[in-house]
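In my numbering, the protein residues as written are 5 to 249. Built from N, CA and C at the ideal position, the CB exists for glycine as well. Quantities reported herein were computed from a predicted structural model and do not represent experimental measurements.
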């Protein structure tokens, strides 16, 4: 029925499921609605707007139903992690958005994702892999509207990745490991495949996340990388990054 329905009927069905999902107080019913929304969102023929609405409804219901057990929500986090690990481009952006909403809802998910599922590692690896693929795809002509799939731009992907990384470090009460910081710097700043988008968002991240590094990591990052930048070739935000550090 769902796949053969018109867009108008699909819209009404999503609205109905969303209303019911926010009103029911029975865990079994909530679980059923969440599974229906998740299954519907995996219809690859969905237009961008409807796909985004389905996941938005799913996130909101998951984070607003306090009686839902942690195991259930962790299960959806793991499904998102599977999309990220498998480099499913259609699902990478929504998976990161989904995780961002859930870690805001419950702080326990931070440790679950960082310690138990290596989220930080996969974040940084995905940034590098996607950068390379987009560079090849565009022959080095990456722009703000370059798409990674039919729905999301490369800029959207990089921004949500860096936002999530910053959030996990800041609110997880942990410092970024020097090896991760250096890998991120080499990928976004000095890599020959780094685009202007990489540079701008990368410098911005290092400016705002400086306090998420311990003292020794800051010193080494500055001595090995920041101090060696050619300021005459930097944009305004790059110069500000050098001055800040």
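Buried versus exposed, by CB contacts within 10 Å (16 or more), residue i
i           : result
residue 232 : exposed
residue 12  : exposed
residue 97  : buried
residue 191 : buried
residue 31  : exposed
residue 206 : buried
residue 62  : buried
residue 14  : buried
residue 257 : Within the shown structure, residues of the chain are numbered from 5 to 249, placing residue 257 beyond reach of any answer.
residue 200 : exposed
residue 165 : buried
residue 57  : buried
residue 9   : exposed
residue 237 : exposed
residue 185 : buried
residue 228 : exposed
residue 226 : exposed
residue 144 : exposed
Cβ-Cβ distance between residue i and residue j below 8 angstroms
i           : j           : result
residue 129 : residue 202 : no
residue 250 : residue 157 : This structure gives no information on residue 250, because the portion of the chain shown stretches from 5 to 249.
residue 204 : residue 239 : yes
residue 26  : residue 68  : yes
residue 221 : residue 170 : no
residue 173 : residue 216 : yes
residue 133 : residue 91  : yes
residue 152 : residue 138 : yes
Beta-bridge partners of residue i, as assigned by DSSP
i           : result
residue 157 : 151
Start and end residues, alpha helix (DSSP H) containing residue i
i           : result
residue 87  : 74-89
residue 184 : 182-189
residue 104 : 93-109
residue 240 : 240-248
residue 179 : That residue, residue 179, is in no alpha helix (DSSP H); it is neither H nor E in DSSP.
Reduced DSSP secondary structure (H/G/I, E/B, other) of residue i
i           : result
residue 48  : coil
residue 33  : helix
residue 171 : helix
residue 196 : coil
residue 12  : helix
residue 28  : coil
residue 121 : coil
residue 233 : coil
residue 19  : helix
residue 213 : coil
residue 219 : helix
residue 145 : coil
Residue i Cβ short of 7 angstroms to the ligand HEM heavy atom set
i           : result
residue 108 : With respect to the ligand HEM, the structure shown offers nothing to examine, as it has no ligands at all.
Cutoff 8 angstroms: residue i Cβ touching any chain B Cβ
i          : result
residue 36 : The structure shown contains no chain B; it holds only a single protein chain.
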